[in-house]
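As structure tokens, the structure follows; a few thoughts come after it.
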Amino acid sequence: MKNNMFANIPATIPTEIFESLIQTDTIKIERIISKGQQSAEGYWYDQEQAEFVLVLQGQARIQFETHTVDLNAGDYLNIAAHQKHRVAWTTPTEETLWLAVFY
1 MKNNMFANIP ATIPTEIFES LIQTDTIKIE RIISKGQQSA EGYWYDQEQA
51 EFVLVLQGQA RIQFETHTVD LNAGDYLNIA AHQKHRVAWT TPTEETLWLA
101 VFY
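As structure tokens, this is what we get:
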């Protein structure tokens, strides 16, 4: 069945949307849609798996314990397992569309 990463984006996004596209025992691929959302103050992701993220549309800022990375459409980042990070900002005026691969 054919799908499209840019299809079926809701008109309003009150909370970040996480959609699992493919999942096996060793890999998970998600589409994430943000619009102004960020991680809760003081919350840090500390994941068992590494994560590759690609911003397809919009902009985001990922904060690590020692530095911050700004991401624009087309930018990608590999986050090692247990590397603490948080979403510090996403574009509030348009959807930020992410592709995340957990491996």
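To convert, note that position 59 of the sequence shown is 59 in the UniProt record's numbering; the numbers rise steadily by one, no gaps. Even for Gly, the Cβ is constructed at its ideal location relative to N, Cα and C. Only a predicted model underlies this, so the values are computations on that prediction, with no experimental measurement involved.
Ile-29 carries a strand assignment under DSSP once its states are collapsed to helix, strand and coil. When the alpha-carbon of Ile-79 is set against those of Val-101, Ile-22, Pro-92, Thr-93, the nearest one is in Val-101. In summary, Gly-42 is exposed, with fewer than 16 beta-carbon neighbours lying within 10 Å of its beta-carbon over all protein chains present. Going by C-alpha positions, Thr-93 is about 31 Å away from Gln-49. Using a Cβ-Cβ distance cut-off of 8 Å, the stretch 44-59 and the stretch 73-87 are in contact, since at least three pairs of beta carbons, one from each stretch, lie closer than that value. DSSP places Asn-72 inside the beta strand (DSSP E), whose first and last residues are 68-72.
By the neighbour-count criterion, in which 16 or more other beta carbons inside 10 Å mark a residue as buried, Thr-12 falls on the exposed side. When the Cα atoms are used, Thr-91 and Met-1 turn out to be separated by approximately 31 Å.
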